[in-house]
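All residue numbers for the sequence shown refer to our numbering, where the first residue is 27 and numbers rise by one.
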Amino acid sequence: MTREIGKSREAARAGGDATQALPVALLIDDDQGDLILPDEPFTLAGCRPVRCAGLTEVQDACAVSWPALVFMPLSLGGKLVSTQLIECLSQEPAPVIVVVASNDQINAAAEAMRLGAYDCLFKPFSQSRLTRTVEAAVNKLRQAPPSDRRAPRAARPARPLGLPDRTEVLPQTEARPPEPQASAPQSSAPQSSESTAGDPQAGAPRRVGALNLSRSGFVASSAAIKKVLERAMIVARSDAAVFISGEIGTGKSTFAKIVHDASPRADGPMVTLSCATLTVREFEAQVFGRDGAFARAAEGTLYLDEIADLPAEVQSRFAHIIESIPPGRTGAGPRFIGSTVHTPSAALQGGLIRPELFYRLHVAPLALPPLRQRDGDAALAAQVRLAALSEAEGRSFTGFSDNALAMISDYAWPGNLRELVNVIQTIVLMNQGPLVTPELLPPEIRAGQRYGRIMSHHPNGAHLATGPTTALNGQAEALVGKTLAEIERTVIEATIQAEDGSVPRAARVLDVAPSTLYRKREAWAKTPRDAP
27 MTREIGKSRE AARAGGDATQ ALPVALLIDD DQGDLILPDE PFTLAGCRPV
77 RCAGLTEVQD ACAVSWPALV FMPLSLGGKL VSTQLIECLS QEPAPVIVVV
127 ASNDQINAAA EAMRLGAYDC LFKPFSQSRL TRTVEAAVNK LRQAPPSDRR
177 APRAARPARP LGLPDRTEVL PQTEARPPEP QASAPQSSAP QSSESTAGDP
227 QAGAPRRVGA LNLSRSGFVA SSAAIKKVLE RAMIVARSDA AVFISGEIGT
277 GKSTFAKIVH DASPRADGPM VTLSCATLTV REFEAQVFGR DGAFARAAEG
327 TLYLDEIADL PAEVQSRFAH IIESIPPGRT GAGPRFIGST VHTPSAALQG
377 GLIRPELFYR LHVAPLALPP LRQRDGDAAL AAQVRLAALS EAEGRSFTGF
427 SDNALAMISD YAWPGNLREL VNVIQTIVLM NQGPLVTPEL LPPEIRAGQR
477 YGRIMSHHPN GAHLATGPTT ALNGQAEALV GKTLAEIERT VIEATIQAED
527 GSVPRAARVL DVAPSTLYRK REAWAKTPRD AP
């Protein structure tokens with residue numbers, strides 16, 4: 027591979043080669059020297075490809091011609107690498123970086139994107155997918171300010187790109203990709219549906235924040251849902267099966283559509299199969315008939331809505347089907363996305379999903395938090411939906427009073443976004459506006475289900491309260507007069523007890539780290555309740 031570097035050195039000395047004006051695309055092969063990326067997409071995009079094999083050649087090439095684009099494998103010598111990525115991003119101007127990964131490196135790819143990589147290519151990929159990725163990376167480069175694209179060499183560190191001959195696991199850092207924007211809430215999916223992306227750039231690589239979420243009817247404001255969305259954008263680039271879990275109304279169908287729209291299969295259809303209505307007798311016709319779901323989704327995505335509701339015989343058949351499809355071969359069969367209202371462990375241990383199907387679908391899991399754990403999203407979704415429905419129904423609503431918005435934020439929303447949308451739709455249909463006040467809200471929201479935000483609905487489906495708990499009724503009444511620290515202890519201990527003593531499961535319910543609960547319990551052990 028030294029011939030390309032030698033040519034770049036000779037061209038640099040000559041100074042008259044017109045190709046020197048082109049941005050350099052540094053293509054890093056793996057340690058075996060496999061030509062994993064062809065030159066053609068880069069030259070057609072107006073770049074000068076420089077190919078390197080191994081870290082030493084990379085260092086030499088960077089000293090000769092600083093790259094504008096870097097396409098690098100996620101592993102070298104069988105180990106994940108971080109030094110290259112960190113070093114590249116620390117230089118000025120920082121190049122646009124695309125990492126190349128295999129389907130079993132989803133978590134590492136997500137971390138690379140979090141560190142600042144622009145995109146990720148999952149092997150195997152098609153020529154068209156590579157071309158779209160290169161074009162998107164070049165467009166990203168062109169969008170940068172001129173000062174960032176052509177900074178003088180003196181502005182960069184004096185040393186060349188330092189790439190020591192060692193590998194390590196990608197470390198934590200504060201660098202994060204752009205955050206997703208807010209848009210309209212979801213609408214329920216039909217029993218059996220098929221959708222295609224109408225966007226001419228539907229097949230183009232997308233990052234969090236670049237995807238047009240308004241087409242999916244999605245609201246993203248809280249850190250909890252943004253974290254899941256970032257992961258969804260990563261797994262979308264792979265052809266791996268996706269397993270989405272979450273309570274009723276959390277947006278599982280919406281997330282399935284988001285994954286499809288951000289995937290290399292976005293130009294194909296997404297076919298939704300309602301597992302709750304599929305009987306063993308109907309299975310062959312609806313799935314494998316001439317116009318069955320499998321055939322329609324061959325170049326797209328087959329979404330199995332509520333996979334736990336499939337009869338056991340049908341689940342076994344699906345497991346064998348998924349196993350028989352060659353990975354990464356679009357057209358040989360669909361990509362599979364499954365969803366369930368149950369937690370994965372409950373679905374498996376309770377026998378709701380057969381193990382052979384579970385382990386073939388549970389490759390890239392996405393656990394959607396309930397609305398009560400998404401700070402700020404209930405108020406945001408209510409405002410967005412109010413504006414949309416008010417316009418559609420010819421009403422004159424302009425917003426919410428402060429008290430009404432506070433009540434919406436405090437309510438537990440056991441039906442999540444689906445319940446919220448129904449409430450807003452009823453308000454719009456039955457009133458003229460212009461302001462939503464507390465009097466227009468349902469009684470249970472006016473009463474305030476604050477304590478129920480923690481105690482009523484657990485991810486595993488257990489219910490500690492049989493109905494709404496108001497601020498002065500039931501368990502909440504017993505908390506009046508206690509300090510905030512005492513209330514916190516009561517809630518934490520009750521949640522741990524409800525989760526059969528499991529601190530990790532209680533931590534998921536309370537949306538905190540398990541270490542936080544362990545520290546608090548250790549402190550409580552040193553200070554008994556009857557201590558002064």
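Note that CB positions come from ideal geometry on N, CA and C, so glycine has one too.
C-beta atoms of residue i and residue j nearer than 8 Å
| i | j | result |
| --- | --- | --- |
| Val367 | Glu445 | no |
| Val564 | Ala319 | Here the chain comprises residues numbered 27 to 558, so residue 564 is not present and cannot be evaluated. |
| Met433 | Arg472 | yes |
| Pro464 | Ala414 | no |
| His286 | Thr327 | yes |
| Val126 | Pro99 | yes |
| Pro67 | Leu147 | no |
| Arg421 | Gly459 | yes |
| Ser247 | Asp403 | yes |
| Ala533 | Pro540 | yes |
| Leu52 | Pro93 | yes |
| Arg411 | Val447 | yes |
| Leu392 | Ile270 | yes |
| Ala438 | Arg398 | yes |
| Pro91 | Val50 | Pro is not the amino acid found at residue 91; the sequence shown has Ser there. Yes; because the gap between Cβ atoms is below 8 Å, this pair is in contact. |
Whole-angstrom C-beta distance between residue j and residue i, which should lie under 8 Å
| i | j | result |
| --- | --- | --- |
| Pro64 | Val96 | Actually they do not touch by this definition, with Cβ atoms about 16 Å apart. |
| Cys78 | Ala89 | In fact, because the Cβ distance is near 12 Å, the residues do not count as touching under 8 Å. |
| Thr521 | Pro396 | With a Cβ gap of about 14 Å, Thr521 and Pro396 do not count as contacting. |
| Leu330 | Gly364 | 4 Å |
| Ile347 | Ala408 | With a Cβ gap of about 42 Å, Ile347 and Ala408 do not count as contacting. |
Three-state secondary structure assigned by DSSP to residue i
| i | result |
| --- | --- |
| Arg380 | coil |
| Tyr437 | coil |
| Ser528 | coil |
| Leu336 | coil |
| Ser91 | coil |
| Lys283 | helix |
| Pro99 | strand |
| Ile54 | strand |
| Gln212 | Low confidence applies here, because Gln212 scores a pLDDT of 38, under 50, leaving its location unreliable and the question unanswered by this model. |
| Thr303 | helix |
| Ser289 | coil |
| Arg316 | coil |
| Asp65 | coil |
| Arg74 | strand |
| Pro485 | Since pLDDT at Pro485 reaches only 43, below the 50 mark, its modelled position is unreliable, and no value is offered. |
| Thr298 | strand |
Residue i at chain D interface by Cβ criterion, 8 Å
| i | result |
| --- | --- |
| Pro469 | No chain D appears in the structure shown, which is made up of a single protein chain. |
Cβ-based burial, residue i [other Cβ within 10 Å; buried from 16]
| i | result |
| --- | --- |
| Ala228 | Low confidence applies to Ala228: its pLDDT is 37, below 50, so where it sits in the model is not reliable enough to give any reading. |
| Tyr144 | buried |
| Glu256 | buried |
| Asp526 | exposed |
| Asp55 | buried |
| Pro469 | exposed |
| Gln341 | buried |
| Ala358 | exposed |
| Ala136 | buried |
| Gly478 | Only weak support is given to the placement of Gly478: the predicted model assigns it a pLDDT of 42, under 50, and the value that follows is read from those uncertain coordinates. Gly478 is buried by the Cβ-count criterion. |
| Arg291 | buried |
| Met456 | exposed |
Cβ-heavy atom distance, residue i to the ligand HEM, below 7 Å
| i | result |
| --- | --- |
| Ala438 | Summarising the ligand content, the structure contains no ligands, and the ligand HEM is consequently not present. |
Check: Counting Cβ pairs, one atom from each stretch, are 3 or more of them under 8 Å apart for the segment 509-519 and the segment 368-379?
Finding: The segment 509-519, when compared against the segment 368-379, does not touch it at the 8 Å Cβ threshold.
Margin query: Any contact between the segment 255-266 and the segment 121-135? By contact I mean 3 or more CB pairs, one from each, below 8 Å.
Written below: Output reads yes: the segment 121-135 touches the segment 255-266.
Note to self: Under 8 Å, with one C-beta from each stretch per pair, do the segment 300-315 and the segment 424-432 reach the 3-pair mark?
What the structure shows: Touching, no, given that fewer than three Cβ pairs across the two stretches are closer than 8 Å.
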